[in-house]
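Mapped onto the working numbering, the consecutive letters of the sequence shown carry residue numbers 27 to 1018. C-beta: ideal position from N, C-alpha, C; glycine also. Treat the numbers as computed from the prediction; the structure is a model and nothing was measured. One structure below.
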Amino acid sequence: MALSRLPLLRRVLHLPGQGRDQSRASCRWRAEAGREKRVMAPEHVSGPFAIVGRRYPLYPRLPGRDSCDHAVETTAPWSRDAERRFPVSHQLGYQSDGPYKPVKRAMLALTIPLETLQAVKGRMLQAMLKGLSHQTHEQANVRMLPTYIRSTPDGTEKGDFLVVELCQSHVRTLWVNLPDNGNQSIQEMYRTFNIPEDIMKGTGEALFDFIAVCVQQFLSGIGSAQSSFSLGFIFPFRCRQTRLDKAELISWAKEYSCSDVEGKDVVQLLQTAINKQELYHVNVIALMNDTVGTMMTCSLEGKPCEVALVVDKGTNCCFMAEARLVEMVEETSGQMCINTEWGCFGDDGILNDILTPYDENVDQESSNPGEKRFEKMVGGLYLGEIIRHVLISLAAEKELFIGSSVVVLRTKGAFKMQQIMEIIESEQGTAEAKKALEALGLHPSKQDCYRVQQVCRVVVSRAAALCATGLSAILSYMCQSRMLEQLAVSVAVDGELYHHCSRFKEILQNVTELLAPECRATLVPSVDGNGRGAAIVTAVSLRLMAQRQEVNQLLAPLRLSHADLERVQALMRQEMELGLGQETSATASVRMLPTYVRGTPNGTEQGEFLALDLGGTNFRVLVVHVSEDGIRIANQIYVIPAAIMQGTGEALFDHIIECIMDFQQKQGLMEQVLPLGFTFSFPCQQMGLDKAVLLNWTKGFSASGCVGQDVVQLLREAAQRKQHLGLEVVAVVNDTVGTMMSCGYDDPKCEIGLIVGTGTNACYMEEMCNVGTVEGDQGRMCINMEWGAFGDNGCLDDFFTHFDQLVDEKTINVGKQRFEKLISGMYLGEIVRQILLALVEKQLLFRGKPCPKLQTKDIFQTKFLSAIETEGLALKQLQTILQELELEASSEDSVVVQEVCQTVSLRAAQLCAAGLAAVVEKMRESRGLSHLAVTVGVDGTLYKMHPHFSQHLQETLRDLAPNCTVTFLLSEDGSGKGAALVAAVACRGAEP
Ligand code: ADP
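Put into structure tokens, the structure is as follows:
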């Protein structure tokens, strides 16, 4: 059908176009205040629109002229709405002189066009999103209940399990043995116990005692001598589940109404009752509903099933969702099985446009009018009833059973599911119809039988198509939330209607393909979904618990308590004092180097300054113009050829001067003598603001004749050799000081500099009276702490884990820079790599498969931590990152890898905070303040790029130094701007 007919169609079918618009809604991510989970709106969920109007190949055809074309093709004046508006009694008087005969009208009413199915799919998606959202979950019809089942079986599950299933009127107990060897078959034994009616309506205690006695009798019956049993509990009532083994009953249903159970944890009630029977070796591990069991059973055979569909008396569906999109649970990584409870879809009226008067009658006669509207169109319990009402209506219109009394049709449950399946399936369907009708005391004609068969077919076909619509919504949602272009998934299916009705099966498969063309669903029939599945859920959860315990054990040494951090803070403070003391500074691991920077910018600095930045990736020359209006910078990067880096000191400094001269010429600054600040990021012993003795080269430099020399002097000598007389070096600084100064220009409270990049370091303004290594007691001086070496004297040994040792052993400076090796970008990836290797070895990751690439040093870069810890990362994205390392991560692996990264980066941030806490507390005390407000200027890619580092650092600092209010300011070009500002402040101080 051409698209141009759509408006007409919509008018005819009274479709507001809502479904289409909904299904086409663009993907929008909504971050809600306080909750960082995201809700996803559907996009392309409905597949190509071209399928609209295609003839639905599987709908029944009426004989002869009445051949029932697809309803989309019709522009009939009759509309479903008309029927809805007239009560049944009016319809009984419907004259068949309209353009459609009643039979065809009934068939059309029950035939849902593909376009409408498409729209229904969109509405189902909206309903699912509502159920997943924290805000709307409580009001949602499709409840999307978290099951706390976080994994499908991986084939390693084994052992003996007990299952207790609370059924409609009995308790079923089951023993399941999952064999060690995948080739052996699962063994099962079960027994059912009828529940006396007085127990079903008595006290909760009596009910659970009864169940426990069943378990006890069952166990003694099978003669098991096993020392302990894990038990899975199938409890098919509405619960508020908060853990796999914790679920409060919301309300009883069916025949149950035991007192004192609603609002209580039914797992606990069962465990207490079991203990009362002295079955202390039976532990209730998991509670679940039946749909979940179906998914788990089918998962045992080959590829895991990630969706389960039950179409029996009722209908329901569950699937593995991305945990980050399930707002009701804390978990943000991995997956979680969601029990959709989709039977209630439509209870808010969203399906009214497809409801027929027959559906309304069935609903009115049901025990729960207005509820479970979707289930009442799909579930086997209701299909016979729908058929019965169609027949009543047609008989009243004299289209059926003319001359017979049809009073019998008024009896509920006149048509059984089994009969319906035989009528529609068998070649002898009309004969079956005749048999069934005659059994009811009717005298059907041949045409009656034929029409009844058609009615049965159309009702079952509609059920299958609606079921496919729901399934396609789930598949599209999974495909999209996993950020896949295509999804291949196995769907476990259980229920009489599916198992025994080939028409249903065929339509389910075909319509699902039409509505979710981006998904390939393999339908896997389930055998005894419930019992076996519950055993498997229990087995999987035991496997996960064991794994969790081992992972926790392995990561425990990396998790620092508040007391641990207070100790680090105290140790840092102690080392700081030692470093500042004249006699003790030699023994301190924190060197506390005086920088001779005596003040931070106060905003009055003005003028033009040159700056050099040597020691990062590039050598830069800058001119920095400082004025009342702010700072302007021009700079140029120069390459230092390897031959010069590793040649003579003279050649190196000559080259630097040549670069400066080139820059000055280009900037037209040759004629001016500008004060110069020099950021020289190599270890130096500073003797004055413009005097720094190089201790050793790093980062690939090895120019001869420089170590032990004052680098400013070397620069001045080179200037003389090059006859560049207009150079006035006023300050040499390291990058931490530059960072503090550059931020200090914007915020006068900035008296601390912090770097968390390749390495880590900090500096701060110390009272001169505390600096024993420099003469004078007046004012303050910036101290370059060189805190990366904190712990090199062994004071932090208690905090180094086995993984830190392994990382340290592979560095070029073993035993040195110990604090830095716990914190900075150069090492975090390596720590994670070592932990992952240990987890693989313990078979806790990647199924223990060897990962050769992961053996390579530095292959796991610190930037991966940032990527992996990014909020809302989809499994697919994490898998893509790990694929670079040739690692095949399952959903569970992804949870573990994320946890490892989080643990390592959190520890780094916390340790950094402990160091800073020591600094700010010392500053506060030295200044005699009860409260200190101070700003930290920060630089470094790890701090700037990691998604949580800064937040964790700040939170921990607040915790450790509650009397200090610390603000963090990101530094921009600390090395360039900062060096010029050091020069500017020095010039300011020199002015009269
Ligand atoms: P430097 O400290 O040498 O001046 P940077 O501040 O740029 O350099 O820091 C470089 C370090 O930052 C590297 O060790 C690298 O591991 C780390 N890094 C790079 N990208 C990221 C990122 N996205 N997240 C966290 N760390 C990163």
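Does any heavy atom of the ligand ADP sit closer than 7 Å to the C-beta of residue i?
i: residue 653; result: no
i: residue 785; result: yes
i: residue 768; result: no
i: residue 888; result: yes
i: residue 849; result: no
i: residue 972; result: yes
i: residue 892; result: yes
i: residue 1074; result: Residue 1074 lies beyond the residue range present for the chain, which begins at 27 and ends at 1018; the question has no answer from this structure.
i: residue 764; result: no
i: residue 966; result: yes
i: residue 18; result: The chain is shown from 27 up to 1018; residue 18 falls before or after that span and cannot be answered.
What is the rounded straight-line gap between the Cα of residue i and the Cα of residue j?
i: residue 121; j: residue 131; result: Residue placement at residue 121 is poorly supported in this model, since its pLDDT is 35, which falls under 50; the coordinates still yield a value, given next. Going from the Cα of residue 121 to the Cα of residue 131 covers about 12 Å.
i: residue 444; j: residue 391; result: 22 Å
i: residue 925; j: residue 862; result: 11 Å
i: residue 829; j: residue 198; result: 50 Å
i: residue 655; j: residue 770; result: 16 Å
i: residue 294; j: residue 254; result: 18 Å
i: residue 461; j: residue 467; result: 10 Å
i: residue 561; j: residue 315; result: 12 Å
i: residue 192; j: residue 499; result: 31 Å
i: residue 241; j: residue 446; result: 38 Å
i: residue 309; j: residue 256; result: 5 Å
i: residue 913; j: residue 894; result: 14 Å
i: residue 379; j: residue 386; result: 12 Å
i: residue 637; j: residue 650; result: 7 Å
i: residue 1006; j: residue 784; result: 23 Å
i: residue 539; j: residue 143; result: 13 Å
i: residue 86; j: residue 414; result: Because the pLDDT at residue 86 is just 33, under 50, the model does not fix this residue reliably, and the point stays unresolved.
i: residue 718; j: residue 795; result: 22 Å
i: residue 766; j: residue 986; result: 22 Å
i: residue 117; j: residue 423; result: Annotation note: pLDDT 27 at residue 117 (below 50); position unreliable, coordinate value reported separately. Approximately 8 Å between the Cα atoms of the pair.
Could you tell me how far apart the beta carbons of residue i and residue j are, in whole angstroms, since I believe they sit closer than 8 Å?
i: residue 453; j: residue 529; result: Not confirmed; about 13 Å, so no contact.
i: residue 705; j: residue 738; result: The pair is not a contact, with the Cβ atoms about 12 Å apart (cut-off 8 Å).
i: residue 807; j: residue 946; result: At roughly 17 Å, the Cβ-Cβ gap does not stay under 8 Å, so residue 807 and residue 946 are not in contact.
i: residue 202; j: residue 477; result: Their Cβ separation, rounded to whole angstroms, is 47 Å, which puts residue 202 and residue 477 out of contact at 8 Å.
i: residue 319; j: residue 559; result: 3 Å
i: residue 631; j: residue 702; result: Not confirmed; about 15 Å, so no contact.
i: residue 517; j: residue 351; result: Going by Cβ atoms, the distance from residue 517 to residue 351 rounds to 20 Å, so no, they are not a contact pair.
i: residue 416; j: residue 489; result: With a Cβ gap of about 13 Å, residue 416 and residue 489 do not count as contacting.
i: residue 748; j: residue 683; result: 5 Å
If you run the structure through DSSP and keep just helix, strand and coil, what is residue i?
i: residue 400; result: coil
i: residue 482; result: helix
i: residue 69; result: Reliability fails at residue 69, whose pLDDT of 33 lies under 50, so the model's placement of it is uncertain and no value is given.
i: residue 507; result: helix
i: residue 257; result: strand
i: residue 278; result: coil
i: residue 156; result: helix
i: residue 813; result: helix
i: residue 205; result: coil
i: residue 415; result: helix
i: residue 35; result: Low confidence applies to residue 35: its pLDDT is 25, below 50, so where it sits in the model is not reliable enough to give any reading.
Considering Cα atoms alone, identify which of the options is closest to residue i.
i: residue 998; options: 717, 475, 400 and 780; result: 780
i: residue 1037; options: 178, 290, 292 and 357; result: Nothing in the structure corresponds to residue 1037, since the chain is present only between 27 and 1018.
i: residue 359; options: 789, 928 and 807; result: 928
i: residue 553; options: 734, 344, 788 and 317; result: 317
i: residue 848; options: 868, 815 and 865; result: 815
i: residue 697; options: 886, 669, 751 and 722; result: 751
i: residue 435; options: 388, 832, 456 and 455; result: 388
i: residue 448; options: 464, 483 and 474; result: 483
i: residue 989; options: 970, 955, 616 and 965; result: 955
i: residue 536; options: 688, 967 and 492; result: 492
i: residue 371; options: 497, 362 and 986; result: 497
Does at least one heavy atom of the ligand ZN sit under 7 Å from the Cβ of residue i?
i: residue 670; result: By its list of ligands, the structure shown excludes the ligand ZN, since it contains just the ligand ADP.
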